[in-house]
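In the numbering used here, the protein residues as written are 3 to 87.
Beta carbons: idealized from backbone N, C-alpha and C, even for Gly.
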Amino acid sequence: MALMITDDCINCDVCEPECPNDAIYMGAEIYEINPDKCTECVGHFNEPQCQQVCPVSCIPFNPAWRETEEQLRDKFDRLQAASKA
């Protein structure tokens with residue numbers, strides 16, 4: 003499952019640079035997460051780094067974007083291959 007940023011976001015800018023997949027970007031009003039790039043840090047870290055640094059805990063798992071560990075690993079592999087192409 004990808005992560006999402008809720009309306010509780012205070013735009014503190016700490017999550018964006020922590021994302022190893024560049025999935026976090028500034029949206030119209032708050033930061034957002036591109037679910038096509040979010041691997042919950044699988045392949046990089048043991049825990050999602052954005053959740054670790056968020057001071058207001060506004061980055062829950064996105065219930066609309068459910069993925070298994072295997073799917074997240076496959077996405078990580080695809081993103082890594084694309085970055086090297």
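Helix, strand or coil at residue i [DSSP, three-state]
i     : result
Phe78 : helix
Val16 : coil
Cys21 : coil
Val58 : coil
Per DSSP, cross-strand counterpart(s) of residue i
i     : result
Glu42 : None, per the DSSP bridge assignment.
Glu34 : Tyr27
Phe63 : Leu5
Distance between beta carbons of residue j and residue i, contact taken as under 8 angstroms
i     : j     : result
Thr41 : Asn23 : 6 angstroms
When the options are compared against residue i, the one with the closest alpha-carbon
i     : options                       : result
Ile61 : Gly45, Arg68, Trp67 and Ile35 : Ile35
Pro65 : Cys14, Pro37, Cys21 and Tyr27 : Pro37
Discussion item. With a threshold of 8 angstroms, are at least 3 pairs of Cβ atoms found where one atom belongs to the segment 51-58 and the other to the segment 70-87?
Written reply: no
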